[in-house]
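Here the structure is laid out as structure tokens; the discussion comes afterwards.
Residue numbers (my numbering), protein chains in the order written: chain A, 18 to 386; chain B, 18 to 386; chain C, 18 to 386; chain D, 18 to 386.
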């Protein structure tokens with residue numbers, strides 16, 4: 018199976034390097050008849066776009082997406098709809114200052130993929146991290162926008178930054194409205210204010226901080242997923258861990274559930290509106306039981322490490338194996354976790370769309386029996 | 018792609034329910050010429066086997082594995098070696114007391130897969146959890162034993178329980194020798210003693226506790242993995258999250274890295290014995306950079322929830338949608354995390370063997386360039 | 018992707034060698050709720066079974082299939098139904114006379130897989146052809162029986178032998194009833210009589226003959242398949258060519274269509290009972306247009322070579338590379354094409370079931386828009 | 018698994034419609050360090066390009082390929098080499114006269130994919146056949162050029178037209194040099210002369226003819242392939258059958274082998290230069306035994322039907338289900354088989370490259386044991 022592809026029947030393949038002519042991807046397996054134009058994709062890309070505040074990289078990219086295939090005019094509406102054939106997405110690289118990277122051509126930035134890529138391939142496009150650049154995630158966001166259209170409006174996927182540099186939000190202050198009112202996707206206005214100060218300090222120090230992101234999908238019916246390897250949570254874990262700089266993934270209560278007693282961890286059930294929609298008294302399991310969605314909100318969290326591209330010199334090696342000190346002078350994000358928020362949403366959307374279609378394949382239904 | 022299969026070129030497919038006649042699996046893509054008999058597999062199964070101490074389920078299973086295909090006598094040694102064709106593994110179910118489960122036939126145990134399976138399939142083998150039973154992991158352990166043989170003796174994979182019921186080990190007391198000297202896989206003798214008391218209390222209370230497992234693979238050369246979706250850490254996350262009751266996965270420092278500054282998270286490099294083997298001054302990244310192994314030990318952690326099968330009654334529903342109280346009277350593990358330790362090792366072995374072969378496919382090499 | 022697996026969402030993995038303890042397979046992705054017991058499978062296996070007439074190998078195998086997982090009692094009927102989890106199939110090898118093969122242990126039978134397996138793996142289970150034995154096809158037939166249940170009674174799949182030893186049937190005499198009235202699956206009684214004489218002569222000469230099989234699937238709705246690589250005909254070609262000894266596959270008119278003019282090859286359309294069911298005036302395209310079913314019968318043909326296991330000595334090499342003469346003394350089929358008829362049906366069934374579920378995944382429908 | 022992707026570890030995904038802005042594809046799994054520029058690809062595209070003689074469609078396309086990712090400058094030579102990351106290929110559509118197709122917007126051309134696409138998707142890009150257009154094969158040819166680079170110069174893949182309109186070549190006159198000396202890829206000059214006259218007549222009549230293509234790969238070592246579903250011949254059959262208008266595939270003697278006796282079909286072996294390279298006295302099996310290459314030339318044939326786009330009116334239906342007469346006025350190939358010759362070579366190259374890497378994955382070797 019392709020190492021640059023994710024998904025089983027709703028499949029996303031991406032390609033492209035940070036400083037090549039373009040990045041892009043192919044979405045295969047999309048159902049036909051889904052209204053889709055660049056207007057459905059662009060807003061999500063704009064949310065991830067660099068250069069939008071002083072807190073993120075100043076690289077200027079319009080990130081304008083082109084749809085090169087897989088859509089055609091609807092007989093009835095005249096508007097563009099998917100045809101069921103592969104959807105090719107293309108985003109041009111515009112502000113690629115490759116000279117910024119000339120000095121890392123022959124050196125390995127600690128914590129970055131420079132060394133491991135060289136060890137694997139013996140060659141790498143060092144400019145801006147090449148294939149290892151977070152720029153690749155723009156294509157994920159575009160694919161995620163298509164996945165949302167497949168899922169329909171009843172599945173609502175939102176992510177928020179819940180911790181930055183070790184400073185968590187106050188969960189009792191959670192307000193989804195807040196998260197678009199600050200540059201950090203924080204659902205807690207007070208935390209956002211603290212983080213603004215923190216990032217100013219971090220940026221001046223030439224340093225970086227990590228973050229924790231929570232992704233929540235509401236409206237997922239019970240029944241999506243599979244019992245063993247193709248579990249919904251296993252696929253989510255793989256998809257979220259595949260995002261650049263992510264080092265941890267939790268479902269529901271995550272590591273905290275390992276500290277609960279069985280009687281406290283159980284999500285008790287009461288009768289809901291109908292047999293297919295029970296009411297749960299808690300959601301420690303994050304909406305997934307035995308690899309299959311329970312009908313509760315699907316909740317995942319991901320830990321994003323501080324970017325390895327910092328101005329502070331660190332000990333390392335060059336390609337000749339000689340000991341050096343290195344630092345990265347290019348434009349970078351003091352907290353890559355911020356721009357990873359829309360990416361986390363996109364991966365959630367892609368995994369859910371895939372399992373929706375898989376569930377439909379096996380059962381002929383969209384939801385529970 | 019199959020939902021009951023894991024891996025890309027070293028592929029493991031499992032089948033079987035807890036109370037059916039047998040469980041088993043097929044390992045496809047194994048290289049030819051690998052010495053393999055049941056003696057290579059059985060010790061790992063014995064390590065996972067139920068009924069070995071009072072701290073785990075008292076179900077009695079010999080878990081004797083049969084190899085039904087894929088091996089043949091070596092011309093030279095006369096001993097059995099793999100032939101490169103699929104290896105079929107079979108383990109009979111012996112002590113399946115199905116009547117224990119008769120009363121959960123029509124009820125959903127909270128936190129268990131009962132409800133979600135019914136929602137998906139409209140039918141389920143309720144006996145012992147059916148396909149959702151941790152019994153399936155015996156086959157993973159058998160497959161992992163084969164993966165170890167593929168990896169060879171230089172790759173050493175060991176896991177340990179590092180926290181039980183919220184009580185962590187003292188990492189400064191870590192002693193790999195200790196972990197087989199106690200029934201908990203604890204590398205810290207003092208923690209093991211505390212956990213023994215804890216589990217006595219938990220068992221008497223009819224309750225259960227969670228655990229955290231750490232899996233370490235030493236001897237993995239730099240270069241295994243892939244840049245984007247088929248990342249070594251993404252595949253590990255998926256494989257580990259697919260283990261029953263796991264709700265969180267970390268690589269290296271995991272969630273803790275999100276609280277470090279960039280300069281503290283960087284794993285600095287110094288010259289090693291040769292260019293292909295640099296020396297790292299820390300391992301916050303858990304041996305994986307940009308989805309590709311760095312040559313450091315690969316380190317992952319998984320959070321295991323307290324088993325949902327407890328004697329304490331909890332509110333729930335039956336299949337008719339009526340509100341009930343339910344408790345599980347069968348034989349269960351007060352801490353399923355204990356028996357998940359060999360399973361974590363097995364999944365690490367399978368993922369590494371798969372990426373070893375994939376790396377060899379793409380580069381023609383076993384290790385770094 | 019597994020080399021011992023076929024299918025995308027309805028997936029069949031097989032394992033086993035001719036003279037090992039057993040052969041078997043795993044069917045994954047089967048919809049839940051399908052009534053399934055061994056009684057649904059055994060008749061198809063009996064049709065393929067060796068030793069049923071003097072015209073096929075005299076190896077005695079009961080080919081009794083066991084279902085080890087994936088079925089459970091239906092709440093309502095009490096009868097066994099599929100649960101949606103993997104179905105494990107097992108068939109014991111009984112009459113494996115391995116000593117027959119001792120003398121080919123170190124020699125390569127020309128036209129057989131002996132040499133190529135050794136070249137690939139450096140080791141092989143030489144007994145009865147090991148993994149290369151046509152015995153593996155018993156599992157395909159069992160899987161095909163499950164696929165038929167998934168497809169339902171409206172899809173009728175039948176195959177016939179249409180040529181043996183260069184002697185074709187008279188197509189104007191085609192009578193489906195006839196094919197079970199003779200030991201050759203011939204739809205033409207007169208051809209069957211001629212073939213009986215032919216095979217007597219061939220068997221006495223220690224020789225073998227080839228055959229051509231036609232597989233027809235009626236009741237396939239329009240819309241199954243895909244535009245490019247996952248075409249219905251491409252998947253059929255791969256699946257049929259994967260049957261032992263098959264060297265050619267045709268769809269519809271096959272090679273003969275290359276001799277027609279465009280105006281003669283076109284399958285003209287007239288209005289049918291409704292828009293979704295047009296009437297075609299011919300079926301040169303074998304029910305598949307652009308990789309997608311048209312609603313006409315799906316028609317494929319496969320060419321089966323004469324078995325390479327013959328009593329007539331042929332020049333060859335031994336494993337040491339020395340020139341020898343070799344002949345095969347075991348029990349063999351003078352025309353393996355006969356027993357390949359149920360296998361061709363089975364592969365057609367598996368490919369159709371897979372595309373039925375894939376179509377349902379992408380469109381939410383079972384048939385045409 | 019993606020329906021628009023072919024291959025297991027060397028994977029090709031294509032996208033694009035005949036009259037969209039562009040067509041393209043992604044090649045994933047390519048080894049690093051392979052010298053690759055557009056100059057390595059363009060000659061093969063030029064060989065497939067329309068408008069090169071009066072015997073093929075007059076659509077004018079420069080078919081200039083762009084490489085958008087996956088290559089970077091070699092440290093040593095400065096020239097472009099593959100990096101091991103996905104290679105994105107893009108070819109712009111230039112001379113897309115969509116108005117030619119306006120009248121088929123609402124009608125189904127018999128023998129074409131119009132009806133079956135509509136049945137599947139309920140929507141289609143009717144312009145030039147959309148995704149069903151042979152234009153997609155340009156991307157296959159580009160991918161095949163990369164596959165050739167992976168295989169290296171020792172594997173030589175060439176195809177020839179061996180029959181057109183029912184008129185076969187004289188195989189005793191086969192001369193590989195001839196095939197580029199005529200516009201038909203004929204290895205027999207006399208046949209080419211006859212075909213030129215035939216096509217003049219066919220074109221004037223507004224009709225079309227079919228063809229048979231033979232693809233030969235020399236230099237393939239013994240050992241590539243797999244025993245059961247992932248057989249080299251099964252994958253070849255699927256890949257070749259996936260080419261537009263192909264209705265039959267043969268390996269080696271193909272259907273003719275079904276008319277031979279076992280003793281005549283056997284490819285006898287004699288000692289070659291060394292144990293790994295036996296000498297065969299014939300090649301009825303087309304270089305593949307038991308799904309694995311034998312070291313002989315790999316030989317496949319494909320039957321291409323006459324194009325369904327003809328000027329002669331045929332009975333059909335429109336989208337409303339009404340009976341009509343239809344004919345296709347656009348620019349078409351009187352014999353699409355001609356331009357399919359480079360496509361057959363490309364698919365052979367892709368399948369071989371894939372199995373080369375798979376063999377390397379499982380055995381660590383490029384060739385025989």
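Yeah, the Cβ is synthetic: ideal placement off N, Cα and C, and Gly gets one too.
DSSP beta-bridge partners of residue 297 of chain A: By one-based count along the first chain, residue 297 of chain A stands at place 280. Partner(s): A/286.
Could one say the Cβ of residue 166 of chain C lies closer than 9 Å to chain B's Cβ atoms, at least one of them? For the purposes of this step, residue 166 of chain C is taken as residue 149 along the third chain, with counting starting at 1. Not an interface residue.
Spell out the partners DSSP gives residue 317 of chain D in its beta bridges. As a working note, residue 317 of chain D is residue 300 in the fourth chain. Its beta-bridge partners are D/232, D/268.
In this structure, how does DSSP classify residue 243 of chain D when only helix, strand and coil are distinguished? Translated into the one-based positions of the fourth chain, residue 243 of chain D becomes position 226. Residue state, collapsed to three classes: coil.
Tell whether a beta-carbon distance below 9 Å holds between residue 350 of chain C and residue 344 of chain C. Taking the third chain and counting its residues from 1, one reaches residue 350 of chain C at position 333. Taking the third chain and counting its residues from 1, one reaches residue 344 of chain C at position 327. No; because the gap between Cβ atoms is not below 9 Å, this pair is not in contact.
Rounded to the nearest angstrom, what separates residue 31 of chain B and residue 358 of chain D at their Cα positions? Along the second chain, read from residue 1 onward, the residue named residue 31 of chain B stands at position 14. Along the fourth chain, read from residue 1 onward, the residue named residue 358 of chain D stands at position 341. Roughly 43 Å separates the two Cα atoms.
Which residues in the same chain have their Cβ closer than 6 Å to the Cβ of residue 165 of chain D, if we skip the five residues on either side of it in sequence? For the purposes of this step, residue 165 of chain D is identified with residue 148 of the fourth chain, where counting begins at 1. Same-chain partners within the cutoff: 366.
Output the residue ranges of the alpha helix (DSSP H) runs that lie fully inside the region 38 to 77 of chain D and measure 4 residues or longer, sorted by chain position. 55 to 65
Neighbour list for residue 308 of chain C in chain A, Cβ cutoff strictly below 7 Å: Numbered from its first residue, the third chain carries residue 308 of chain C at position 291. By Cβ distance, chain A contributes nothing, its closest Cβ being about 11 Å from residue 308 of chain C, past 7 Å.
Taking only the alpha-carbon atoms, compute the straight-line gap between residue 283 of chain B and residue 208 of chain A and give it to the nearest angstrom. Start at 1 with the first residue of the second chain, and residue 283 of chain B comes out as number 266. Start at 1 with the first residue of the first chain, and residue 208 of chain A comes out as number 191. Going by the C-alpha atoms only, they are around 26 Å apart.
Whose C-beta lies closer than 8 Å to the C-beta of residue 300 of chain C among residues of the same chain, with five residues either side of it excluded? Here residue 300 of chain C refers to the residue found at position 283 of the third chain. Correct list, in chain order: 269, 284, 313, 314, 316.
What distance in whole Å lies between the Cβ atoms of residue 42 of chain C and residue 28 of chain C, which are believed to be in contact at a cut-off of 8 Å? Here residue 28 of chain C corresponds to residue number 11 of the third chain, with the count starting at 1. Here residue 42 of chain C corresponds to residue number 25 of the third chain, with the count starting at 1. Between residue 42 of chain C and residue 28 of chain C the Cβ distance is about 10 Å, and since that is not below 8 Å, they are no contact.
Output, in chain order, the set of chain D residues within a Cβ distance shorter than 8 Å of residue 375 of chain B. Residue 375 of chain B sits at position 358 when you count from the first residue of the second chain. Near residue 375 of chain B (Cβ distances below 8 Å), the residues of chain D are 26, 378.
Taking only heavy atoms of the ligand FAD into account, decide whether any of them is closer than 8 Å to the Cβ of residue 203 of chain B. The ligand FAD is absent from the structure shown, which contains no ligand whatsoever.
C-alpha distance - residue 222 of chain B paired with residue 74 of chain B, whole-angstrom precision: Here residue 222 of chain B corresponds to residue number 205 of the second chain, with the count starting at 1. Here residue 74 of chain B corresponds to residue number 57 of the second chain, with the count starting at 1. Rounded to whole angstroms, residue 222 of chain B to residue 74 of chain B spans 15 Å at the Cα level.
Quick check: what's the CA-CA separation for residue 320 of chain C versus residue 233 of chain C? Here residue 320 of chain C corresponds to residue number 303 of the third chain, with the count starting at 1. Here residue 233 of chain C corresponds to residue number 216 of the third chain, with the count starting at 1. Roughly 15 Å separates the two Cα atoms.
So what does DSSP say about residue 193 of chain A, is it helix, strand or coil? Within the first chain, numbered from 1, the residue matching residue 193 of chain A stands at position 176. Helix, per DSSP.
Residues in the region 31 to 45 of chain B having any Cβ partner in chain C nearer than 7 Å: 32, 33, 34, 37, 38, 39, 41, 43, 45
Tell me where the beta strand (DSSP E) around residue 157 of chain A begins and ends. Start at 1 with the first residue of the first chain, and residue 157 of chain A comes out as number 140. Per DSSP, residue 157 of chain A belongs to no beta strand (DSSP E); it is in the alpha helix (DSSP H), 154 to 168.
Near-chain A residues of the region 101 to 134 of chain C - C-beta to any C-beta below 7 Å: 101, 102
Using a Cβ-Cβ cut-off of 9 Å, state whether residue 92 of chain A counts as contacting chain D. Locating residue 92 of chain A in the first chain gives position 75, counting from the first residue. By this cut-off, residue 92 of chain A is an interface position.
Which residues in chain D have a C-beta closer than 9 Å to the C-beta of residue 148 of chain C? List them in chain order. Here residue 148 of chain C corresponds to residue number 131 of the third chain, with the count starting at 1. 244, 245, 307, listed in chain order.
I believe residue 58 of chain D touches residue 159 of chain D by the beta-carbon criterion, under 8 Å. Please report the beta-carbon distance rounded to the nearest angstrom. As a working mapping, residue 58 of chain D is identified with position 41 in the fourth chain. As a working mapping, residue 159 of chain D is identified with position 142 in the fourth chain. Contact holds; Cβ gap of about 5 Å.
Straight-line CA distance for residue 15 of chain C to residue 217 of chain D? Because chain C spans 18 through 386 in this model, residue 15 of chain C falls outside it and cannot be assessed.
If you measure from the beta carbon of residue 48 of chain A to each beta carbon in chain E, is any gap under 9 Å? Among the protein chains in the structure shown, which are A, B, C and D, there is no chain E.
Quick one: what does DSSP say residue 202 of chain A is sitting in, helix, strand or coil? Taking the first chain and counting its residues from 1, one reaches residue 202 of chain A at position 185. Coil.
Using the Cα positions of residue 334 of chain C and residue 340 of chain C, report the straight-line distance between them to the nearest angstrom. As a working note, residue 334 of chain C is residue 317 in the third chain. As a working note, residue 340 of chain C is residue 323 in the third chain. Taking the straight line from one Cα to the other gives about 5 Å.
Establish whether the CB of residue 161 of chain C and some CB of chain B are separated by less than 9 Å. Here residue 161 of chain C is taken as the residue at index 144 of the third chain, counted from 1. For residue 161 of chain C, the answer is no, since every Cβ of chain B falls outside 9 Å of its Cβ.
9 Å Cβ cutoff, residue 98 of chain A in contact with chain D: Residue numbering aside, residue 98 of chain A sits at position 81 when the first chain is read from its first letter. True, the Cβ-Cβ gap to chain D drops below 9 Å.
Can you look up residue 109 of chain D in the DSSP assignment and give me helix, strand or coil? Locating residue 109 of chain D in the fourth chain gives position 92, counting from the first residue. Residue 109 of chain D falls in the strand class under three-state DSSP.
What residues from chain D crowd round residue 21 of chain A, counting only those whose CB sits closer than 8 Å? Here the question's residue 21 of chain A lines up with position 4 in the first chain. Near residue 21 of chain A (Cβ distances below 8 Å), the residues of chain D are 43, 45, 102, 103.
Cβ of residue 236 of chain C less than 9 Å from any chain A Cβ? Taking the third chain and counting its residues from 1, one reaches residue 236 of chain C at position 219. No, its Cβ sits nowhere closer than 9 Å to a Cβ of chain A.
Listing by chain order, which chain D residues have their CB less than 7 Å from the CB of residue 12 of chain C? Nothing about residue 12 of chain C can be reported from this structure: the residues present for chain C run from 18 to 386 only.
Listed by chain order, chain A residues near residue 389 of chain B by CB distance under 8 Å: Residue 389 of chain B is absent from the structure shown; chain B starts at 18 and stops at 386.
In the DSSP assignment, what are the bridge partners of residue 33 of chain C? Residue numbering aside, residue 33 of chain C sits at position 16 when the third chain is read from its first letter. The partner list for residue 33 of chain C (beta bridge, DSSP) reads C/40.
Using a C-beta cutoff of 9 Å, does residue 139 of chain C count as contacting chain A? On the third chain, residue 139 of chain C is found 122 positions in, with the first residue counted as 1. False, the Cβ-Cβ gap to chain A never drops below 9 Å.
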